[in-house]
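S.K.: One structure, as structure tokens, below. Some questions next.
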Amino acid sequence: MLKSIMIRTRFAPSPTGFLHIGGARTALFAWAYARRHGGSFILRIEDTDVARSTPAAVQAILDGMEWLGLGYDEGPYYQMQRMDRYKEVIQQMLSAGTAYHCYTSADELEKMREEQRARNEKPRYDGLWRPEEGKALPRPPAGVLAAVRFRNPTEGVVSWHDLVKGPIAIANAELDDFVIARGDGTPTYNFCVVVDDWDMNISHVIRGDDHVNNTPRQINIFKALGAPLPLYGHLSMILGDDGQKLSKRHGAVSVMQYEEEGYLPEAVLNYLARLGWSHGDEETFTMEQFCAWFDLDHITASAAQFNTEKLNWLNAHYLKQADDSRLAAATVRRLERQGIDAAGFPGLPRVMALYKERVSNLNELADAAHPFCVALHPSPELLALHLTGPVRGALATLSERFKTVDWQAQDLSLAIKATIAEHGLKMPQLAIPLRVVLLGQPQSPAIDAVLEVLGRERVLERIGRVTG
Ligand code: GLU
Numbered sequence: 458m459l460k461s462i463m464i465r466t467r468f469a470p471s472p473t474g475f476l477h478i479g480g481a482r483t484a485l486f487a488w489a490y491a492r493r494h495g496g497s498f499i500l501r502i503e504d505t506d507v508a509r510s511t512p513a514a515v516q517a518i519l520d521g522m523e524w525l526g527l528g529y530d531e532g533p534y535y536q537m538q539r540m541d542r543y544k545e546v547i548q549q550m551l552s553a554g555t556a557y558h559c560y561t562s563a564d565e566l567e568k569m570r571e572e573q574r575a576r577n578e579k580p581r582y583d584g585l586w587r588p589e590e591g592k593a594l595p596r597p598p599a600g601v602l603a604a605v606r607f608r609n610p611t612e613g614v615v616s617w618h619d620l621v622k623g624p625i626a627i628a629n630a631e632l633d634d635f636v637i638a639r640g641d642g643t644p645t646y647n648f649c650v651v652v653d654d655w656d657m658n659i660s661h662v663i664r665g666d667d668h669v670n671n672t673p674r675q676i677n678i679f680k681a682l683g684a685p686l687p688l689y690g691h692l693s694m695i696l697g698d699d700g701q702k703l704s705k706r707h708g709a710v711s712v713m714q715y716e717e718e719g720y721l722p723e724a725v726l727n728y729l730a731r732l733g734w735s736h737g738d739e740e741t742f743t744m745e746q747f748c749a750w751f752d753l754d755h756i757t758a759s760a761a762q763f764n765t766e767k768l769n770w771l772n773a774h775y776l777k778q779a780d781d782s783r784l785a786a787a788t789v790r791r792l793e794r795q796g797i798d799a800a801g802f803p804g805l806p807r808v809m810a811l812y813k814e815r816v817s818n819l820n821e822l823a824d825a826a827h828p829f830c831v832a833l834h835p836s837p838e839l840l841a842l843h844l845t846g847p848v849r850g851a852l853a854t855l856s857e858r859f860k861t862v863d864w865q866a867q868d869l870s871l872a873i874k875a876t877i878a879e880h881g882l883k884m885p886q887l888a889i890p891l892r893v894v895l896l897g898q899p900q901s902p903a904i905d906a907v908l909e910v911l912g913r914e915r916v917l918e919r920i921g922r923v924t925g
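Here the numbering used here is used: the first residue of the sequence shown is 458, the next is one more, and so on.
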């Protein structure tokens, strides 16, 4: 039973860009697996590629995780802070004979590869410095810094039962004695991952299948260290709407870009959860439900295809359900980014209620709320079109009525009806100009609801501005 072992999963991004939507799904699955089994989820920043890692990218990962609400129980651990530990393990492996010094220079390696290619052979290290029983090693050349290579077994197969892909087996003969520390002493990627997964007691490595080729090498290092093996599950990649590898040309690929584009985190999470995993026909569910249901058996081994329409549908679904004051707070922040101060308008939660079923993202909601918070001056053309003589007269009457009417939708509606009757107009002949005057545009939800939310003071002020 899984419950009897401590489940520990991790998300181990390299901070070389933003948090990619594929990375977010990996994180979500690893997180949910730990949550499901009462285990721990660990965040590890794999920043050993110093040329490409940046603090801004680390921050983007942390921001993305926070926005999605993927909390971690441990970390973030940074590989750059664990260098001493990697060096210690390399020394242990050198002493144990599971790793060895290799003095072949980069130029020699390149030449070796060229020759192998010319002979139609798979390029690989020729094993010159690999110690063997009874083999005399060359004398180390002066002035060449030795790299450290892993002494990979030459026979047998490395196999594991992948939790997503099923059984996988690779012949050791296919694997090279790969470098675990460069000449300058810096440890390499495949090696650091193993030391970390070992030290951090990771029970389940859930990651993208771009790493499936690394797994046999990593398993061999685990074995050489006498360390207990984690289980591995490799998630298939995410394809764009058109079936091609997901990339920038498909639109947003960074998690925070979804935030910018007005998606709710629960919509993105729900969407990602269904990307390659299913629970019967369930399409909408909370993260609590997801964590209760999530298992690795129901992950599809084939690539998952991105479907923007479905994401938009989920976003609209969650917008409808979202609490009005939460949406109001999000709208204030969004308008603030545009330099619009909406915090002072108390009717904002009610504006949210009026519009949240009509929009598909938070940006549209903020656009809808904008003219409620700040009077938008209708263009002279729009005014000329809608504010004809009779309409001006009716607006003046209406304004008088509005001064004393009980400020609630029903009474406001009666005041409008009385005014159109008095001026011989039809409802749209007054309601449309009224929308233009109040919101700067001819469309809006029911005019009485709009009036009620705007409040007497704003309504009188805005009508007065064009009729006064
Ligand atoms: N750092 C690797 C990446 O960002 C992930 C390594 C792993 O999960 O083992 O692709």
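Backbone N, C-alpha and C fix where the C-beta goes; we use that ideal spot for every residue, glycine too.
Keep in mind the model is a prediction, meaning the values are calculated, not measured.
For a quick check, are the C-beta atoms of A826 and T788 less than 7 Å apart?
M.R.: It is a contact, given that the beta carbons lie within the stated cut-off.
S.K.: Which partner residues of F468 appear in the DSSP bridge assignment?
M.R.: DSSP lists L500 as partners of F468.
S.K.: Which same chain residues end up closer than 6 Å to N820 when comparing Cβ atoms and leaving out the 5 residues on each side of it in sequence?
M.R.: The answer, listed in chain order, is G719.
S.K.: Could you tell me the distance, in whole angstroms, from the CA atom of L833 to the CA atom of V907?
M.R.: Roughly 15 Å separates the two Cα atoms.
S.K.: In its own chain, which residues sit with a C-beta less than 8 Å from the C-beta of V605, not counting the 5 before and 5 after it?
M.R.: Closer than 8 Å at Cβ, skipping near neighbours: I547, M550, L551, A556, Y557, H558, C559, V636, I637, A638.
S.K.: At a Cβ threshold of 7 Å, is I499 touching chain D?
M.R.: Looking at the structure shown, chain D is missing, and only one protein chain is on hand.
S.K.: Here's a check: name, in chain order, each residue in its chain whose Cβ is nearer than 7 Å to the Cβ of N802, leaving out the five neighbours to either side.
M.R.: The identity of residue 802 in the sequence shown is Phe, whereas the question assumes Asn. Once the five neighbours on either side are set aside, the close Cβ partners of F802 are F829, C830.
S.K.: In the DSSP assignment, find the unbroken beta strand (DSSP E) run with H558 in it and report its ends.
M.R.: 556-559 is the span of the beta strand (DSSP E), which, as asked, contains H558.
S.K.: Hey, could you find the ends of the alpha helix (DSSP H) F859 is sitting in?
M.R.: It spans 846-861 - the alpha helix (DSSP H) in which F859 sits, taken as one unbroken run.
S.K.: Alpha carbon to alpha carbon, how far is G796 from R790?
M.R.: Answer to the nearest angstrom: the Cα atoms are 10 Å apart.
S.K.: Could you check which residue in L871, Y582, H618 has the C-alpha nearest to that of V669?
M.R.: The residue with the shortest Cα to Cα distance from V669 is H618.
S.K.: Could you give the DSSP three-state label for P628: helix, strand or coil?
M.R.: Looking at the sequence itself, residue 628 is Ala, so the reference to Pro does not match. Reduced to three states, the DSSP call for A628 is strand.
S.K.: Under a Cβ-count criterion, where at least 16 other Cβ atoms within 10 Å of its own Cβ denotes burial, should A749 be classed as buried or exposed?
M.R.: So A749 counts as exposed.
S.K.: Is L887 closer than 7 Å to A853 when the C-beta atoms are compared?
M.R.: Result no, Cβ atoms of A853 and L887 do not sit closer than 7 Å.
S.K.: With a Cβ-Cβ cutoff of 7 Å, do R493 and F751 count as a contact?
M.R.: Yes, these two residues count as a Cβ contact at 7 Å.
S.K.: If you run the structure through DSSP and keep just helix, strand and coil, what is I756?
M.R.: Correct three-state label for I756: strand.
S.K.: Does DSSP classify A920 as helix, strand or coil?
M.R.: First, the amino acid is wrong: residue 920 is Ile here, not Ala. Reduced to three states, the DSSP call for I920 is helix.
S.K.: Given the structure, does M471 come close to the ligand GLU, in the sense that its CB is under 6 Å from one of the ligand's heavy atoms?
M.R.: In the sequence on display, residue 471 carries Ser and not Met. Yes - the ligand GLU has a heavy atom lying nearer than 6 Å to the Cβ of S471.
S.K.: With a threshold of 6 Å on Cβ separation, who are the neighbours of P588 within its own chain once the five nearest residues in sequence on each side are excluded?
M.R.: Taken in chain order, the residues that qualify are Y557.
S.K.: Flag this pair as touching only if the region 766-785 and the region 715-731 have three or more C-beta atom pairs under 8 Å; answer yes or no.
M.R.: Yes, the region 766-785 is in contact with the region 715-731.
S.K.: Does the region 725-745 come close enough to the region 838-847 to have 3 or more Cβ pairs within less than 8 Å?
M.R.: Touching, no.
S.K.: Restricting to Cα atoms, I'd like to know which of I678, S735, A903 is closest to T757.
M.R.: Closest option to T757, Cα to Cα, is S735.
S.K.: Does any heavy atom of the ligand GLU sit closer than 6 Å to the C-beta of E503?
M.R.: For the ligand GLU, at least one heavy atom lies less than 6 Å from the Cβ of E503.
S.K.: Whole angstroms is fine: what's the gap from A590's alpha carbon to G554's?
M.R.: A quick correction: the sequence has Glu, not Ala, at residue 590. C-alpha separation (whole angstroms): 11 Å.
S.K.: May I ask whether a heavy atom of the ligand GLU can be found less than 6 Å away from the beta carbon of V650?
M.R.: Yes, the ligand GLU has a heavy atom inside 6 Å of this Cβ.
S.K.: Sorry if obvious, but does the Cβ on R542 come closer than 6 Å to a heavy atom of the ligand GLU?
M.R.: Because no heavy atom of the ligand GLU lies under 6 Å away, the Cβ of R542 does not count as near it: no.
S.K.: Could you tell me which of P598, L620, T672 sits nearest to A628, measuring between CA atoms?
M.R.: Comparing Cα positions, the closest option is T672.
S.K.: I think K813 touches A785, with their Cβ atoms under 8 Å apart; what is that distance to the nearest whole Å?
M.R.: About 10 Å separates the two Cβ atoms, so there is no contact after all.
S.K.: Among W488, V515, Q714, D506, which residue has its Cα nearest to the Cα of I663?
M.R.: Measuring from the Cα of I663, the nearest candidate turns out to be W488.
S.K.: Suppose you measure from the CA of I678 to the CA of P644; what does that come to, to the nearest Å?
M.R.: Computed Cα separation, rounded: 13 Å.
S.K.: Enumerate in chain order the residues of its own chain whose CB-to-CB distance from D905 is below 6 Å, with the five nearest sequence positions on each side excluded.
M.R.: Excluding sequence neighbours, D905 sits near A866, L869, S870.
S.K.: Where in the region 754-802 do unbroken runs of the beta strand (DSSP E), each at least 3 residues long, occur, reported from the N-terminal end onward?
M.R.: Taking only runs of at least 3 residues, no beta strand (DSSP E) segment lies wholly in the region 754-802.
S.K.: Quick check on this structure: which residue in R815, G613, Q516 has the alpha carbon closest to the alpha carbon of G474?
M.R.: That would be Q516, whose Cα lies nearest to the Cα of G474.
S.K.: Where does D441 sit, in a helix, a strand or coil, going by DSSP?
M.R.: No statement about residue 441 is possible, as the shown extent of the chain runs from 458 to 925 and does not include it.
S.K.: If you scan the region 669-736 from start to end, which runs of the alpha helix (DSSP H) of 4 or more residues do you find wholly inside it?
M.R.: Taking only runs of at least 4 residues, the alpha helix (DSSP H) segments lying wholly in the region 669-736 are 672-682, 712-717, 722-730.
S.K.: Compare the C-alpha of Y728 against each of S471, L688, G479, L594 and name the closest.
M.R.: Of the listed residues, the one whose Cα sits closest to Y728 is G479.
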